[in-house]
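Structure, as structure tokens:
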Amino acid sequence: MSPAQIAFFKRRLKDKADDLSERMRRNQVIFFVERQPDQADAAATEELRSLTLNIIERDKKVLANIARALEMIESGNYGYCHETGEPIGLERLLALPESLYSVEFMRMKEVRSKHLRQVV
Numbered sequence: 108m109s110p111a112q113i114a115f116f117k118r119r120l121k122d123k124a125d126d127l128s129e130r131m132r133r134n135q136v137i138f139f140v141e142r143q144p145d146q147a148d149a150a151a152t153e154e155l156r157s158l159t160l161n162i163i164e165r166d167k168k169v170l171a172n173i174a175r176a177l178e179m180i181e182s183g184n185y186g187y188c189h190e191t192g193e194p195i196g197l198e199r200l201l202a203l204p205e206s207l208y209s210v211e212f213m214r215m216k217e218v219r220s221k222h223l224r225q226v227v
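Under this note's numbering, think of the first position of the sequence shown as 108, with each following residue one higher.
Dropping the structure here:
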């Protein structure tokens, strides 16, 4: 990967991390909303909190992957599958710049997972 491509992905990763951090800050405000005395309102508030918690947890995982991808940029290993060492591919990195694994590895992992579920 060229230095210009590395710089491009580094900027995208940092921008995405900033966006996710801001979204997480906004979503955390929901947890400070007062409990509603009306049962229907309380149920709706709890459902919103549950959905928001799921979004926050997913965002935390993506932020962790972004941090790992930035570390890989610094070590000179960005763009290579964390498991196989094969190139991840520009198309995948453009779609998910925080990708740590190649499409081929993820397919193989999914096939193994399906096979194990069928065996059990």
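C-beta: ideal position from N, C-alpha, C; glycine also.
Practice item. For the stretch 108-127 and the stretch 197-211, state whether three or more C-beta atom pairs, one from each stretch, are separated by less than 8 Å. Key: Contact between the stretch 108-127 and the stretch 197-211 is present: three or more C-beta pairs spanning the two stretches fall below 8 Å.
Check your understanding: With DSSP run on the structure shown, which of helix, strand or coil describes proline 204?
Key -> Counted from its first residue, the sequence shown places residue 204 at position 97. Proline 204: coil per DSSP, three-state reduction.
Practice item. Going by CA-CA distance only, name the one from Phe212, Tyr208, His222 and Ile180 that's closest to phenylalanine 115. Key: Here residue 115 is taken as the residue at index 8 of the sequence shown, counted from 1. Minimum Cα distance to phenylalanine 115 is reached at Ile180.
**Study point:** Beta-carbon proximity of leucine 207 to asparagine 172, cut-off 9 Å
**Key:** Position 100 of the sequence shown, counted from the start, is the residue given in the question as residue 207. Position 65 of the sequence shown, counted from the start, is the residue given in the question as residue 172. Against a cut-off of 9 Å, the Cβ pair of asparagine 172 and leucine 207 comes out as a contact.
Practice item. To the nearest angstrom, report how far apart alanine 124 and alanine 147 are at their CA atoms. Key: Sequence index remark: in the sequence shown, residue 124 carries index 17 (1-based). Sequence index remark: in the sequence shown, residue 147 carries index 40 (1-based). Each residue's alpha carbon lies about 36 Å from the other.
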